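With UniProt numbering as the guide, the letters of the sequence shown map in order to residues 1 to 264.
Note sheet for the following structure.
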Amino acid sequence: MSGALEDKRTATRLRILVEIADRQPAVSQGEVAEAVGVTSQAVSEYTRQLVEDGYVEKEGRSRYRVTKEGVDWLFQEAKDLRRFADHVTDDVLESVQEDAAIATADVTAGETVTLTLRQGHLHASPDADGPATGVATTDAEAGEDVSITGFEGVIEMDPGSVTVVQVPPARSGGSRAVDVETLAAMCADADVVVAAGVEAVVSLRKAGVETETSLAAGDVAAAGAARGLSGVVVATTDLVGRVTDALRDGDVLYEVTEAARVAE
């Protein structure tokens, strides 16, 4: 563990060395004292010890520079602090955070439950033997929302994929150029269907397909894929780039195709 976490003196020593490194070579002990929250006299004493230990070299009046040994020590302390922060974030906070799930059966507060992801939503079942478990902190009847904490294990889930279907802009025929029956078939098996652009909205309406939203279509599809949902984004050709940018940012597997056109 980082020495800065074990005693206050090492923590102060670390902070002063960081301030010297940040301000070198012209170092004002008064400014360092204000930044660290100690007296100028204390900064002077710590600096003298850092020089004696070979972590800092004095180049003249109020001129200091951190040595290679000092940099190495800073790096090691920073690594130890980062390791501790990762432990807090990944192990401690992850286990005490709370989230909501849908109870698949009656659940009692304090009961261990198995967690699964269904249709993009977290579900909790009164079973302690699943690959991912948590502890209910509220009572809930089947179908109700229940608060869960103490997460352990990994929720089994295959990430979803997205198909981006291009429709022509209005100047090139728009929805009038789209074979709406084929478009409806392309969307039939998708968990999430979203639209980007007026032409896309109108095409889906003609096809009788309900959409989740026509706003931030790429982000919505990416969020669904992250929860295991397959998606279709019907997008006007002019907006396809924005959609695929959002999917790439979300590290989502996708393909781009064109809507079938009506026979001429």
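We put the beta carbon where it would ideally sit given N, CA and C, even for glycine.
Predicted model only: the values in this text are computed from it and were never measured.
For the alpha helix (DSSP H) assignment, the uninterrupted runs of no fewer than 4 residues enclosed by the region 177-241 are, from N- to C-terminal side, 180-187, 198-207 and 217-226. In the DSSP assignment, Q119 falls outside any alpha helix (DSSP H), carrying neither H nor E.
Taking all protein chains in view, the Cβ of A225 is crowded by 16 or more other Cβ atoms within 10 Å, so the residue is classified as buried. Annotation note: the UniProt domain "HTH crp-type" (19-68) contains the following uninterrupted alpha helix (DSSP H) runs of length 4 or greater, listed N- to C-terminal: 29-36 and 40-52. The continuous beta strand (DSSP E) containing S161 extends over residues S161 to V167. Inclusion of A200 and V167 in the CB contact set at 8 Å is warranted, their separation being smaller than that value. Annotated three-state conformation of I155 is coil, per DSSP.
S203 counts as buried, since no fewer than 16 other beta carbons sit within 10 angstroms of its beta carbon.
In the displayed model, V243 falls within a helix according to three-state DSSP. DSSP links V146 through a beta bridge to A101.
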